[in-house]
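Enquirer:
Numbering (our numbering), first residue to last: 20 to 109.
1. Can you tell which of 27, 28 and 48 has the C-alpha that lies nearest to the C-alpha of residue 37?
2. Do three or more CB pairs link the segment 62 to 81 to the segment 89 to 106 at distances below 8 Å?
3. By the three-class DSSP mapping on this structure, what secondary structure does residue 94 have?
4. What number of angstroms, rounded off, separates the C-alpha of residue 105 from the C-alpha of residue 70?
5. Quick one: grab the DSSP three-state call for residue 67.
6. Name the residue from 46, 42 and 28 whose alpha carbon lies nearest to the alpha carbon of residue 90.
7. Check whether the Cβ atoms of residue 67 and residue 81 lie closer than 8 Å to each other.
8. Based on the DSSP secondary-structure assignment, which residues constitute the bridge partners of residue 107?
9. What I want to know is whether the C-beta of residue 53 ends up closer than 7 Å to one or more non-hydrogen atoms of the ligand GDP.
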């Protein structure tokens with residue numbers, strides 16, 4: 020029998036951009052988001068997997084449900100339980 024449970028840890032990203040910056044032609048409006056994708060999120064995911072894989076009997080992997088990895092990263096934790104051993108009769 021397979022049992023499942025979901026747990027959500029959601030990050031909402033926001034940037035507060037002063038109007039003066041928006042008027043600057045050299046301003047890259049999505050630089051803050053590119054920084055999240057290139058530097059912050061990968062390190063966060065590595066740290067999460069490092070922690071999850073430190074538990075004996077548990078396996079972790081990424082599962083895609085069709086959404087872009089910029090919108091969702093689903094981590095699947097799998098724990099396989101062994102049946103109890105029966106004593107050997109002599």
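No residue lacks a Cβ here, since even glycine has one placed at the ideal position from N, Cα and C.
Expert: Checking against the coordinates, here is how it stands:
1. 48
2. yes
3. In the structure shown, residue 94 adopts extended strand secondary structure according to DSSP, grouped into three states.
4. About 34 Å.
5. helix
6. Sorting 46, 42 and 28 by C-alpha distance to the C-alpha of residue 90 places 28 at the top.
7. no
8. DSSP lists no partner for residue 107.
9. The model depicted lacks the ligand GDP and carries no ligand whatsoever.
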